[in-house]
Amino acid sequence: MKRSILITGGAGFIGSHVVRLFVRKYPDYRIVNLDKLTYAGNLENLRDIENEPNYVFEKADICDFDEVSRIFRQYDIDGVIHLAAESHVDRSIKDPFTFARTNVLGTLSLLQAAKVCWLDSPSVISTKAEGRAEKSRFYHISTDEVYGALEFDGTLFTEETRYDPHSPYSAAKASSDHFVRAFHDTYGLPTLVTNCSNNYGPYQFPEKLIPLFINNIRHRKPLPVYGKGENVRDWLFVEDHARAIDLIFHEGKVGETYNIGGFNEWKNIDLIRVLIRTVDRLLGRPEGADDDLITFVTDRAGHDLRYAIDSTKLKNELGWEPSLQFEEGIERTVRWYLDNQDWMDRVTSGDYQKYYEEMYKGR
Ligand code: NAD
Ligand code: TYD
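Mapping the sequence shown onto this note's numbering, position 224 (from 1) lands on 285, and the numbers just tick up by one.
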């Protein structure tokens, strides 16, 4: 194998798209998917590639330093794409400790394992011996939420924007970003960090706005809109994010940070109306049939008003741009959830959590 890459959180939403892209595009790379399979991890997301010869799954917790180190050594890991995290803001408000543990201590455990294997005692793996050290990369996937909230004034988050996280989720992600940069500056670990805007697309856990609302519209259940629905998010199709990750992993400059975003801002309430129209049209329901599902509910505590990413650096330096218009991305996404009701039913019933036992028992 030319390279051996550890992708953490590969059974989650974005991670599964990254794993699929790498397994298919790089048959000469070994792709090791390390995931704890929390409620957010679903191996059914990877059903189409799980038997590929260059794919391996390891059920493990990123906080378990010994287990992470064993995986580094066993597979001779020379690249890390780190996505594993607790990712839902509402859960972080209820249970901040789990977010600090996984997002901060878990990231630290991975950084330390990479440092030990790549820098302190490179002989434990053959990375250095084979001259692959120059290619070692620890790529940490972060979020635009670390930058805090913008006003309705047209400003955008750049790579220079001061960190100002407000939720326990974004505070934990911000902390992990600082640890990654500290390992670069202190030990010379070859790191990269990207901060991306809100993703949407297939295989997203239906606690997040878009899949939750598509499923509710289909079943004519209320749509709980926080506050007045005026908050703005910058939406990017998940496959475009995966493409950016591939490019940055291979061509990004070590030590750098890149923002990734869609230049695609939507007020929640406007986006929700697009979702209602699209679901109704695809199900053959009359226009406006489900507008009355919109239900304004108590606002999320500390709800950030607006996120918007300036990804000019990534475009100028590496030539990346989003490939999909939002209308096309939403159409594809709504169609996918409507066509994959089985997937949704197994997720909402909890049956998806049995898949690991069924598939991996005895392997
Ligand atoms: P997700 O919640 O869908 O998936 C997270 C995955 O991490 C799951 O498979 C889960 O089982 C795994 N995991 C959780 N704790 C773990 C642990 N202790 N050890 C090993 N595995 C563990 O998340 P997502 O939306 O795919 O986000 C992936 C990454 O991208 C996160 O780091 C998130 O902060 C970042 N991000 C997400 C978005 C977005 O819009 N979803 C935007 C920007 C950045
Ligand atoms: P979400 O998908 O949770 O992503 P994030 O909070 O990371 O941006 O939420 C997107 C937006 O939708 C956010 O402004 C909160 C809002 N929202 C609702 O109004 N109702 C809901 O039920 C959910 C889950 C989110």
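For glycine and all other residues, C-beta sits at the position ideal for the given N, C-alpha and C.
Top-ranked residue by Cα proximity to residue i, from the options
i           : options               : result
residue 416 : 98, 67 and 68         : 98
residue 380 : 320, 94 and 356       : 320
residue 134 : 67, 161 and 313       : 67
residue 50  : 125, 239, 240 and 87  : A question about residue 50 goes unanswered here, because the residues of the chain that appear run from 62 up to 424.
residue 227 : 89, 77 and 363        : 363
residue 224 : 286, 232, 208 and 248 : 208
residue 176 : 241, 149, 160 and 115 : 241
residue 291 : 332, 271 and 262      : 332
residue 47  : 386, 352, 359 and 346 : This structure leaves residue 47 out entirely; the chain is present only between 62 and 424.
residue 144 : 202, 275, 206 and 394 : 202
residue 301 : 273, 384, 109 and 336 : 384
residue 273 : 212, 405, 163 and 360 : 405
Same chain, Cβ closer than 7 Å to residue i, five either side skipped, listed in chain order
i           : result
residue 190 : Residue confidence is low: residue 190 scores 45 on pLDDT, short of 50, so the model does not pin down where it sits. Its coordinate-derived value is still stated next. Excluding sequence neighbours, residue 190 sits near nothing in its chain.
residue 289 : 357
residue 113 : 84
residue 82  : 303 and 307
residue 382 : 376
residue 232 : 226
residue 160 : 147, 153, 229, 230 and 233
residue 63  : 89 and 90
residue 286 : 329, 330, 333, 355, 356, 357 and 358
Contacting residues, own chain, Cβ-Cβ under 6 Å from residue i (five flanking each side not counted)
i           : result
residue 217 : 369 and 371
residue 138 : 65 and 67
residue 294 : 259 and 368
Nonlocal neighbours in the same chain, by C-beta distance under 8 Å from residue i, ignoring five residues either side
i           : result
residue 422 : none
residue 408 : 103, 266 and 267
residue 129 : 95, 121, 123, 170, 171 and 174
residue 245 : 251, 252, 315 and 316
residue 344 : 279 and 399
residue 248 : 176 and 180
Where are the alpha helix (DSSP H) runs, 4 residues long or more, that stay fully inside the segment 314 to 372, in chain order?
-> You should have 329 to 343.
Determine, using beta-carbon pairs with one atom in the segment 166 to 180 and one in the segment 218 to 229, whether at least three such pairs fall under 8 Å.
-> Remark: fewer than three beta-carbon pairs, one from each stretch, lie closer than 8 Å, so the segment 166 to 180 and the segment 218 to 229 are not flagged as touching.
Report the residue ranges of all beta strand (DSSP E) runs contained in full by the segment 211 to 272; include only those spanning at least 3 residues, in chain order.
-> Fully enclosed beta strand (DSSP E) runs of no fewer than 3 residues occupy 252 to 257 and 259 to 261 of the segment 211 to 272, in order along the chain.
Are the segment 311 to 326 and the segment 273 to 284 touching by the rule of at least three beta carbon pairs closer than 8 Å?
-> No, they do not touch.
Could I get the ranges of all uninterrupted alpha helix (DSSP H) runs contained in the segment 126 to 161, with 4 residues as the minimum, in chain order?
-> Those alpha helix (DSSP H) runs which fall completely within the segment 126 to 161 and span 4+ residues are 126 to 136, 150 to 155 and 157 to 160.
Does the pairing of the segment 70 to 80 with the segment 251 to 267 give three or more beta-carbon distances under 8 Å?
-> Touching, yes, given that three or more Cβ pairs across the two stretches are closer than 8 Å.
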